[in-house]
Amino acid sequence: MTGNARVGEAFVPLDDRGLNYGDGLFETMRTTAGQIPLLDGHLQRLIDGCHRIRIPIPDPETLRAAAAAAATGLDDGVVKLLVTRGGGGRGYRPPESPGPRVLVSVHELPDAPRHWYREGVRVRICQTRIGRSMATAGLKHLGRLEQVLASAELEADDAEGLMLDENDLVIEGTRCNLFIVNGDRLVTPPVEMSGVAGVMRALVRKMALQADLECREEAVSLDELRGASEILLTNSVLGVLPVTQIPSLNWRRTRGPVTEKLMQSVAELGVEAWAP
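Using the numbering used here, read the sequence shown as starting at 80 and increasing by one per residue.
What follows is the structure, encoded as structure tokens:
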């Protein structure tokens, strides 16, 4: 364990492969009342990701204990858990016996005004495209340059930006997953070729099924986005955000009943800010 510290206190060696090549994974976890409500989901995604990119998996109980310790005494905040392949190797080629490095940091919540949940948010269609790669799709890996560039396009009133792939399909936001309501169905874009398999995304899909609401993974075009009766964004720190404006598509709605139902279900996890 290299560090369990507040921002600015941890030391990362200059040969760390996460620093040099983005060779690693991370989890950003919401805390409330000293607990991490979605800790199990985050740890499972991190462990699955380590399997996929062949980073030796740190002891899961050690990871759990480190995250829990960081959250202790933290009311509303964020714990970030980061795993890199460690140091060594020649160029891009990883070392034969890597020594993973684990970093834990504590952060304040990102700005999310209460009126976003009451009145909904405005989002932008970004010009920056998201790449397609079966090798990395779904992973919360450290290579986030596409999201950085897309986020730089946002204006002050934009809560989020939606990213398309090379086929003009809507994949996700810069930091959120996307759902639309199409008829009597909830639809979210697949993440087998692009995007992140979000922890809150998985939870919302589960909650939809428990509420007898059909939920499918299907490709979402701009025309389908334009024709949606409801659009919502999901993020494990922000919860469920209702979208009410996409100016470039001339799309404007009020917060819909499906969104409200899912917001209420998520809020029952005990995070007050997630309440509709």
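Glycine residues also receive a C-beta, built at the ideal position from the N, C-alpha and C atoms.
Under 8 Å between C-beta atoms of residue i and residue j
i, j, result
"T313", "N256", "yes"
"G335", "G222", "no"
"L292", "V322", "no"
"I115", "V158", "yes"
"G318", "A276", "no"
"V266", "F258", "yes"
"H220", "L104", "yes"
"S315", "M279", "yes"
"P189", "P135", "no"
"A238", "R211", "no"
"L311", "L341", "yes"
"R208", "L243", "yes"
"T110", "G156", "yes"
"G120", "A346", "no"
Buried versus exposed, by CB contacts within 10 Å (16 or more), residue i
i, result
"R96", "buried"
"Q123", "exposed"
"L93", "exposed"
"T51", "The structure shown has nothing for residue 51, since the chain only spans 80 to 355."
"G349", "exposed"
"G274", "buried"
"V86", "Bear in mind that the predicted position of V86 carries a pLDDT of just 47, short of 50, making it unreliable; the figure below should be weighed with that in mind. Exposed."
"P327", "Note that residue 327 corresponds to Ser in the displayed sequence, not to Pro. Looking at its Cβ environment, which holds fewer than 16 other Cβ atoms inside 10 Å, S327 is exposed."
"L224", "exposed"
"A69", "Nothing in the structure corresponds to residue 69, since the chain is present only between 80 and 355."
"V283", "buried"
"Q324", "buried"
"A307", "buried"
"P268", "buried"
"T107", "buried"
"Q226", "buried"
"L161", "buried"
"S344", "buried"
"G113", "exposed"
"L304", "buried"
Paired residues, beta bridge with residue i - DSSP
i, result
"P321", "L311"
"V299", "V249"
"M108", "V158"
"G335", "BP columns for G335 are empty, so no partner."
"W330", "I325"
"G103", "T163"
"Q114", "T111"
Proximity test, residue i beta-carbon vs the ligand ATP heavy atom, cut-off 7 Å
i, result
"A352", "This structure does not include the ligand ATP; it has no bound ligands of any sort."
Chain D contact for residue i (CB, 8 Å cutoff)
i, result
"G156", "The structure shown contains no chain D; it is built from a single protein chain."
Open item on the list: So, does the segment 294 to 305 touch the segment 172 to 183, judging by three or more C-beta pairs under 8 Å?
Closed with: no
TODO: Only counting runs of 3 or more residues, tell me where the beta strand (DSSP E) segments fall wholly within the segment 210 to 294, in order along the chain.
DONE: 239 to 243, 248 to 252, 256 to 261, 264 to 267
TODO: Write down every uninterrupted run of the beta strand (DSSP E) in the segment 147 to 204 whose length is 3 residues or greater and which is fully enclosed by it, in chain order.
DONE: 156 to 163, 180 to 186, 200 to 204
- [ ] Inspect the CB distances between the segment 234 to 247 and the segment 132 to 141 and report whether three or more fall short of 8 Å.
- [x] no
Task: Three or more C-beta pairs below 8 Å linking the segment 211 to 222 and the segment 267 to 282 - done: Look at the beta carbons and you see the segment 211 to 222 touching the segment 267 to 282: at least three pairs across the two are nearer than 8 Å.
Open item on the list: Is it the case that the segment 144 to 152 contacts the segment 175 to 186, given that we only count it when at least three CB pairs across the two stretches are under 8 Å?
Closed with: They touch, by the three-pair rule.
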